[in-house]
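The sequence shown lines up with residues 37 to 457 when you count with our numbering. Just so you know, even glycine gets a beta-carbon here, dropped at the ideal spot from N, CA and C. Okay, structure first, notes after.
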Amino acid sequence: MKKLLGFRKLNLLAQILIGALLGILVGQLFPSFAKELKILGVLFTSLVQMVIVPLVFPLVVLSIVTMKNTKKFGNLAFKTFLHFFSITTLVITLSLILGKVTGIGANIKAGSISTEAIKDVASNINLSDFLTSVVPKNVFTAFADGNLLPVIFFAVFLGIALIAVGDDNKPVITFFESWIKAMYKIVDYAIAFAPVGVFGLIASNVAKTGLGDLYLLGQFVLLLYVGYLAALLIVFPIIAYIFKVPYLKLLSNIKDLVLIAFTTGGSAVVLPTLLERSEENGISESVSAFATPLGYSFNLIGACIYISLSVTFITNLYSTPLTWGQLIPLILFLTIITKGIAAVPSGALVVLLATAAQLNLPAEGIALIVSVDFLANAGRTAVNVVGNTLIPAIIEKTGEYEVVETEEVYAGLRENAAVAE
């Protein structure tokens, strides 16, 4: 019992690391048993994911309502998309250049590769379907599916409508504020279960895929992590310095969330806690509640690195390296198509297949990459989380998004009520 209590006294980061190491050990030594432990990871991720939509929806609504005017919201929306597109374009450009300069995959023999792993994945992204899916035909279906884009779209319009309603919006706002507090409490309960969930996910994944694939495609995985680390340790710090964002402090505040995302391979499981820590990172609730959830669809920087390096790997693998002239149209293509990843099942693979079709590359190359996707996904997910903390912090630094505190909003209502009495 004392040992168990000692484990509980460890901070969350240490507990997660222990869970991950135990998962690797159990997955290697007891693979049959470890495969059954996946249920622990599924329970953990489901526990957090069930809170995401019920939390994000009222947060976005209140982020708009508490702004003094809709003009400020328009400014926030414009800057959010501007930073999303400019930074992902920069990252895609640098990643493609890195892949081309290093010649990744050129010295690997493709051989005979099965495409069984990607046979059920769609080969393209329909831009028209993506755009129309943003506007929900049935908002309850969007809530049930957990699709953030249409939920955010509806939340924005509801927030604007509540501003137009005026003082009559008080009951709705009061309800949402109490609701958000309850959701954050559920998040606290879920995160406490993180070490167990991480243990189950790691154990089952190691038992299923083993560590042998790391040696098979070590060159590709190594370069991927060079790209991920370059983003975290070079690109992000430079951008943060330009906009006077304290990057090290920001990183320190979310290090346990980055580890959870890395070990579980899912950035969604840390979204609620990321929103909760916005104030510690110097981000107002108005900015964080709007920009952070939206970043999960439009600011997947880790995925941009992964896709860009995967494309150069496949072109080099089949002795059809990209020319410098092909880079500009490819950068534009990837900048646009990666914005639809979150709305598509197996989005990263779909983008790779769509890009391969544009470049007339065989699907077998993508099938080879899939064999190490667990290793690749861990890093890209962690980078996504850091990117979706940094960009809202930058947006906060580039404008004053004044908000009206709830007490201030209703001060006038109380005065009127007192006079009436």
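DSSP-derived helix/strand/coil call for Ile154: For Ile154, the predicted model reports a pLDDT of 41, less than 50, meaning its position is unreliable; a value from the coordinates is still stated below. Secondary structure at Ile154: helix, using DSSP grouped into helix, strand and coil.
Short Cβ contact (7 Å threshold) for Val347 with Thr309: Inclusion of Val347 and Thr309 in the CB contact set at 7 Å is not warranted, their separation being larger than that value.
DSSP-derived helix/strand/coil call for Ser322: Three-state DSSP puts Ser322 in a helix.
Exposed unless 16 or more other CB atoms sit within 10 angstroms - verdict on Tyr283: Under this definition Tyr283 is a buried residue.
Ser320 beta carbon less than 7 Å from that of Thr417: It is not a contact, given that the beta carbons lie outside the stated cut-off.
CB-CB length for Cys340 against Val127, believed under 8 Å: Contact flag correct, Cβ pair sits at about 5 Å.
Cβ contact (3+ pairs, closer than 8 Å) linking the stretch 232-239 and the stretch 68-82: Verdict: yes, contact present.
Candidates Thr300, Leu397, Phe229 and Ile222: closest to Phe349 by CA position: Answer by Cα proximity: Leu397.
Proximity of Val408 and Val242 at Cβ, strictly below 7 Å: Against a cut-off of 7 Å, the Cβ pair of Val242 and Val408 comes out as no contact.
Lys244, buried or exposed, once every other Cβ within 10 Å from all chains shown has been counted against 16: Exposed: under 16 other Cβ atoms inside 10 Å.
Of the residues Thr124, Phe66, Phe69 and Pro90, the one placed nearest Ala271, counting alpha carbons only: As written in the sequence, residue 271 is Val, which differs from the Ala given in the question. Ranking the options by Cα distance to Val271, first place goes to Thr124.
Distance CB(Ile430)-CB(His119) smaller than 7 Å: Yes, Cβ-Cβ distance for Ile430 and His119 is below 7 Å.
Where Phe410 sits in the DSSP three-state scheme: Three-state DSSP puts Phe410 in a helix.
Assigned secondary structure, Phe66 (DSSP; H/G/I helix, E/B strand, else coil): In the structure shown, Phe66 sits in coil (DSSP, three-state: anything other than H, G, I, E or B).
Exposure label - Tyr342; buried when at least 16 CB within 10 Å: Its Cβ being crowded by 16 or more others within 10 Å, Tyr342 is buried.
Stretch pair the stretch 278-294 + the stretch 312-326: three plus CB contacts closer than 8 Å: The stretch 278-294, when compared against the stretch 312-326, does touch it at the 8 Å Cβ threshold.
Contact under 7 Å by Cβ, Asn352 with Ile140: The answer is yes: Cβ separation under 7 Å.
Between the CA atoms of Tyr354 and Leu112 - distance to the nearest angstrom: Those two C-alpha atoms are separated by around 45 Å.
Stretch-stretch touch, CB-based, cutoff 8 Å, three pairs: the stretch 173-192 with the stretch 54-73: No contact exists between the stretch 173-192 and the stretch 54-73.
Residue range of the alpha helix (DSSP H) that includes Thr371: Element bounds for Thr371: Trp360 to Ile373.
Stretch pair the stretch 262-279 + the stretch 90-99: three plus CB contacts closer than 8 Å: The stretch 262-279 vs the stretch 90-99: no contact.
Residues of its chain near Ile52, where Cβ-Cβ distance is below 8 Å and the 5 sequence neighbours each way are ignored: These residues qualify, in order along the chain: Ala230, Pro231, Val234, Asp292, Leu295, Ile296 and Thr299.
Pro357 in three-state terms, based on DSSP: Three-state DSSP puts Pro357 in coil, outside helix and strand.
Gly254 classed as buried or exposed, judged by whether at least 16 other C-beta atoms fall within 10 angstroms: Counting Cβ neighbours within 10 Å, Gly254 comes out exposed, since fewer than 16 surround it.
Pro273 - containing alpha helix (DSSP H), residue span: Note, Pro273: alpha helix (DSSP H), Phe272 to Ile278.
Backbone secondary structure at Ser314 - three-state DSSP: For Ser314, the three-state secondary structure derived from DSSP is coil.
For Phe410, the nearest candidate out of Gly301, Gly361, Leu404 and Ile372 (CA to CA): Nearest C-alpha to Phe410: Gly301.
Alpha-carbon spacing of Asp224 relative to Leu185, whole angstroms: Rounded to whole angstroms, Asp224 to Leu185 spans 25 Å at the Cα level.
Burial state of Asn47, where buried means 16 or more other Cβ atoms lie within 10 Å: By the C-beta density criterion, Asn47 is exposed, having fewer than 16 other C-beta atoms within 10 angstroms.
Where Leu397 falls: helix, strand or coil (DSSP): The answer is coil: DSSP assigns Leu397 none of H, G, I, E or B.
6 Å Cβ shell around Leu370 - same chain, five flanking residues per side excluded: Taken in chain order, the residues that qualify are Ile128.
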